[in-house]
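Numbering (the working numbering), first residue to last: 231 to 355. See structure below.
This is the structure in structure tokens:
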């Protein structure tokens, strides 16, 4: 399955969640609902996947975790914030680099229309 096909399924699930419960809730509520929807797809979903940091050839467990990883190809980082800013984008780009993923979705559920809260990020390394 290509990254485009994977992100299409993820976005469909996120829109379904947002239509059902709307904006204004905690990130943890959206994470739980999105996980429920993603499990109903054919995607292989890792939730709260540990992400070690490699520094000078030493693997450090610093407590970083990906919200979700789909099919070992796409990172999903969810937020419930007033607006996505540069630090959120930097975070997902760093996670993508550390996990060798080319594509990520940054999804902010705290918007009136979810399509305005989705940012597809591509890391060309």
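Glycine residues also receive a C-beta, built at the ideal position from the N, C-alpha and C atoms.
Can you round the beta-carbon distance between residue i and residue j to whole angstroms, since I take them to be within the 8 Å contact cut?
| i | j | result |
| --- | --- | --- |
| residue 348 | residue 241 | 6 Å |
| residue 310 | residue 255 | 6 Å |
Considering residue i, what are the terminal residues of the alpha helix (DSSP H) in which it resides?
| i | result |
| --- | --- |
| residue 346 | Element bounds for residue 346: n/a, residue is neither H nor E. |
| residue 264 | 257-269 |
| residue 236 | 233-251 |
To the nearest angstrom, how far is it from the Cα of residue i to the Cα of residue j?
| i | j | result |
| --- | --- | --- |
| residue 269 | residue 345 | 21 Å |
| residue 219 | residue 286 | This structure cannot speak to residue 219, because the chain is shown only from 231 to 355. |
| residue 281 | residue 288 | 13 Å |
| residue 243 | residue 265 | 9 Å |
> Should the stretch 316-326 be regarded as contacting the stretch 246-257, the criterion being three or more beta carbon pairs within less than 8 Å?
Replying inline: no
>> Check whether the stretch 291-306 and the stretch 334-343 touch, using three or more Cβ-Cβ pairs below 8 Å as the test.
In response: yes
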